[in-house]
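**Student:** Counting from 1, one number per residue, gives the positions in the sequence shown under UniProt numbering. Handing you a structure now.
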Amino acid sequence: MKLLFQSRFPSSIWRHADAGRLVYNDRVEAIRKTEYPMLKGTTYLDHAGTALPSRSFIEMFSQEIQSYLIANPHSASAKTPSTSQVIVQNTRKEVLELFNASPEHFEVVFVANATAGIKLVLEAFHGHEQGFDYYYHRDSHTSLVGVRELSATSHCLLSDEETEDWIANGEHDGLENANERPALFAYPAQSNMNGRRLPLNWSSRLRSSGRHPQTYTLLDIAALVSTSPLDLSDHDTAPDFLTLSFYKTFGSPDLGALIVRKSAAHVFDKRRYFGGGTTELITCDQPWFARKEGSLSARLEDGTGATHSILALSCAIHVHKDMYGGLSEISKHTGWLAKDLYERLSRLRHFNGGQVCVIYKDPSSIYGDATTQGGTVAFNIVNSRGTWVSASKVGNLAAERNIHVRSGGLCNPAGMAQMLGHRSEDLRRAYDSGFRCGQADDVRIGMAFGMVRASFGACSTLKDVEIFAQFIEDYFVEKSGGISDWEAHGHVDLGVHQNAHHESCGRPLDSIPNWLSFQKLSAAPLSKGKRFWRRLGSGFPSHSKA
């Protein structure tokens, strides 16, 4: 076996790798050849942006959608549920089963995406007569940050320590007034910027502290559940609201959900807007209406439901589980790949000993530990002179080599600012100098305003790690005092500024950042799973299949 590993993998890998992980990697390689034809000749490392749909999912959905008459669910008979209604009801149950959530304590509301789920919660709190106080963690996605614009007061919790102190001690600078208005605390289960995983017990501790009687928790789980399981079996400790986008996990459909803890459902009584299908009666000459009674989803899913997308979601859930063996196996696999890439990039040095990659890992996270770190590596590149290389240009050059990564601002404003050492005045100066989100020239006023993000998913393999690490070494590691391969290949506009020293971020460039660490690769058991999907008992109207 050792000789086999030696022949197939670099010595730096086979000496430390767990055999089970390599076996699972081979299994993914086999799946990838038949299930993801779009990946031929391509290295895809933007799974945090979106996963990719498999061939079997597309085939299953095609068969299902041809098998049933899916009409507008609002046209159903009051006595006999339509096929559309049955599909939607069963898929809600399947979503809850993904997270071990009991339908007795949770309800699924289908929305367009995670952002739409956040807006639903915002509408509920904004409808309160006194408004609401808003607290959000530094690592929040832009969509969570935007909630502050409609709150009565808001505060960004800039660290875990500040968050812990606020949970334990209550009010922050007098913002929260529990006697007059509710408060909302929002944070991501996993940072979409660098994959850092945040404590999942904050919601239960907030609830049990006794100092936040009207404070509710909104947890953004979109990044976490793209590659990792989440257990909501204990409803007493679960967040009040959870939001996610299913395409992050399955590649398709473009659909999201808001999962609501039923004990917090009364918050939506204050929501003012209503759409088609969510009311019982409306008067138009007077401002009166009666909302739908019964389920929360009936009151919140405005307009005609996305029944075809919901059917596609059911297919995606079944195919994905049968193909990969569940999110637990995917979590082990992607964590292993990210750890390997992190270690490879950390070792790269220029001819003069200067580091090549500045990796933005939180001090509390450990690659290989699924509780603290997901399958994402965020970094920037510096040349031998200690100046920034434009993240945008790194991404563009990678794309020319059929390597897909994310580069730019990553939709995580406070997390980016903290890691890159930006002050508010720095961001305003960059804006005044002409910098805009997504712009190629992302090195301004001596500072980097973007990052490169490589993220792994279910169909990622060790080969992706090797190709990307080799790309960085070939193009950005300077072997001598002459020009780099980056410059030699005609990219003379480096997108760097000679005064872009890392001291502007409070960290010297001539040494490894103090947050870098190396850990031994951990072993993880491999559970048996089936490669091909099969249709499981879904409770849909019966229809024989060949």
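Just so you know, even glycine gets a beta-carbon here, dropped at the ideal spot from N, CA and C.
How is the alpha helix (DSSP H) around I167 delimited, first residue to last?
**Tutor:** Start and end: D160 to N169.
**Student:** Quick check: what's the CA-CA separation for F61 versus V145?
**Tutor:** Taking the straight line joining both Cα atoms gives about 36 angstroms.
**Student:** Quick one: residues in its chain with C-beta nearer than 8 angstroms to the C-beta of W288, no 5 flanking neighbours on either side, listed in chain order?
**Tutor:** Counting only Cβ-Cβ distances below 8 angstroms, and skipping sequence neighbours, we find I282.
**Student:** On the criterion of 16 or more Cβ atoms from any shown chain inside 10 Å, does I65 qualify as buried, or is it exposed?
**Tutor:** Exposed, since its Cβ has fewer than 16 Cβ neighbours within 10 Å.
**Student:** Hey, how far is the Cα of Q85 from the Cα of P73?
**Tutor:** Roughly 6 angstroms separates the two Cα atoms.
**Student:** Helix or strand or just coil, what does DSSP make of L206?
**Tutor:** Note: L206 maps to helix in three-state DSSP.
**Student:** Less than 8 angstroms between the CB atoms is what I'm expecting for P239 and L255, so what's the real figure, rounded?
**Tutor:** Between L255 and P239 the Cβ distance is about 21 angstroms, and since that is not below 8 angstroms, they are no contact.
**Student:** Suppose contacts are defined by Cβ-Cβ distances below 7 angstroms. Is G368 in contact with M193 by that definition?
**Tutor:** Not a contact, by the Cβ cut-off of 7 angstroms.
**Student:** Out of curiosity, what's the CA-to-CA distance linking V382 and D464?
**Tutor:** In a straight line, the C-alpha of V382 is about 23 angstroms away from that of D464.
**Student:** If you reduce the DSSP assignment to three classes, tell me which class V260 lands in.
**Tutor:** DSSP places V260 in strand when its eight states are reduced to three.
**Student:** Leaving out five residues before and five after G226 in sequence, what residues of the same chain have Cβ atoms less than 6 angstroms from its Cβ?
**Tutor:** Going by the sequence as given, residue 226 is Ser instead of Gly. Contacts found: K248 and T249.
**Student:** Within 10 Å of its beta-carbon, does K479 have 16 or more other beta-carbons around it, so buried, or fewer, so exposed?
**Tutor:** Label assigned to K479: exposed.
**Student:** At a cut of 8 angstroms, does the stretch 379 to 393 reach the stretch 344 to 363 through at least three beta carbon pairs?
**Tutor:** These segments touch.
**Student:** For A417, report the span of its alpha helix (DSSP H) as first-last.
**Tutor:** Segment P413 to L420, the alpha helix (DSSP H) holding A417.
**Student:** Let me make sure I understand the geometry here. Which of L157, H266, P229 and L206 has the alpha-carbon closest to that of F106?
**Tutor:** Of the listed residues, the one whose Cα sits closest to F106 is H266.
**Student:** If the criterion is Cβ atoms closer than 7 angstroms, does the pair R138 and Q418 meet it?
**Tutor:** Their beta carbons are under 7 angstroms apart, which means R138 touches Q418 by this criterion.
**Student:** Between the Cα of R32 and those of P53, G275 and G131, spot the shortest distance and give me the residue it belongs to.
**Tutor:** Per the Cα distances, P53.
**Student:** In the DSSP output, what is S154 paired with across the bridge?
**Tutor:** According to DSSP, S154 bridges with Y134.
**Student:** Where does Q470 land, buried or exposed, given buried means 16+ other C-beta within 10 angstroms?
**Tutor:** Answer is exposed; the Cβ neighbour count stays below 16.
**Student:** Can you grab the Cα-Cα spacing for the pair V443 / A454, in whole Å?
**Tutor:** Roughly 20 angstroms between the two C-alpha positions.
**Student:** On the DSSP bridge list, what partners appear for H404?
**Tutor:** Its beta-bridge partners are Y44.
**Student:** Could you give the uninterrupted runs of the beta strand (DSSP E) lying entirely in the stretch 352 to 403, keeping only those of 3 residues or more?
**Tutor:** Counting whole runs of 3 or more residues, the stretch 352 to 403 contains the beta strand (DSSP E) stretches 357 to 359 and 376 to 382.
**Student:** Which runs of the alpha helix (DSSP H) fall wholly inside the stretch 414 to 478 and span at least 4 residues, in chain order?
**Tutor:** Runs of the alpha helix (DSSP H) inside the stretch 414 to 478: 424 to 432 and 462 to 476.
**Student:** Which residues in the same chain have their Cβ closer than 7 angstroms to the Cβ of residue 547, if we skip the five residues on either side of it in sequence?
**Tutor:** Limits of the chain in this structure are 1 at one end and 546 at the other, which puts residue 547 out of reach.
**Student:** Just how far apart, CA to CA, sit H320 and Y24?
**Tutor:** Using only the alpha carbons, I get a separation of about 15 angstroms.
**Student:** Does the beta-carbon distance from residue 591 to D46 come in below 7 angstroms?
**Tutor:** The structure shown has nothing for residue 591, since the chain only spans 1 to 546.
**Student:** Please classify R428 as buried or exposed, where buried requires at least 16 neighbouring CB atoms within 10 angstroms.
**Tutor:** R428 should be labelled exposed.
**Student:** Tell me whether the beta-carbon of K113 lies closer than 7 angstroms to the beta-carbon of S252.
**Tutor:** One detail in the question is off: residue 113 reads as Asn in this sequence, not Lys. No, the pair does not count as a contact, with Cβ atoms beyond the cut-off.
**Student:** By alpha-carbon positions, which one of G375, A448, A290 and A189 ends up nearest to Y342?
**Tutor:** Ranking the options by Cα distance to Y342, first place goes to G375.
**Student:** In whole angstroms, give me the CA-to-CA distance for A19 and F57.
**Tutor:** If you take the alpha carbons of A19 and F57, they lie about 29 angstroms apart.
**Student:** Are F132 and R196 close, meaning C-beta to C-beta below 7 angstroms?
**Tutor:** No. Outside cutoff.
**Student:** Select from G275, Y324, Q286 and I87 the residue whose C-alpha is nearest the C-alpha of residue 548.
**Tutor:** The first residue shown for the chain is 1 and the last is 546, placing residue 548 beyond what the model contains.
**Student:** May I ask you to check if the CB of I445 is nearer than 6 angstroms to at least one heavy atom of the ligand ADP?
**Tutor:** This structure does not include the ligand ADP; it has no bound ligands of any sort.
**Student:** Looking at C-alpha atoms only, which residue of C459, R55, V109 and Y187 is the closest neighbour of T43?
**Tutor:** Out of C459, R55, V109 and Y187, C459 has the C-alpha closest to the C-alpha of T43.
**Student:** Going by the CB atoms, is the gap between H126 and L150 shorter than 7 angstroms?
**Tutor:** Yes, they are a contact pair.
**Student:** If I'm right that A391 touches M451 with Cβ under 8 angstroms, what's the distance once you round it to whole angstroms?
**Tutor:** At roughly 5 angstroms, the Cβ-Cβ gap stays under 8 angstroms, so A391 and M451 are in contact.
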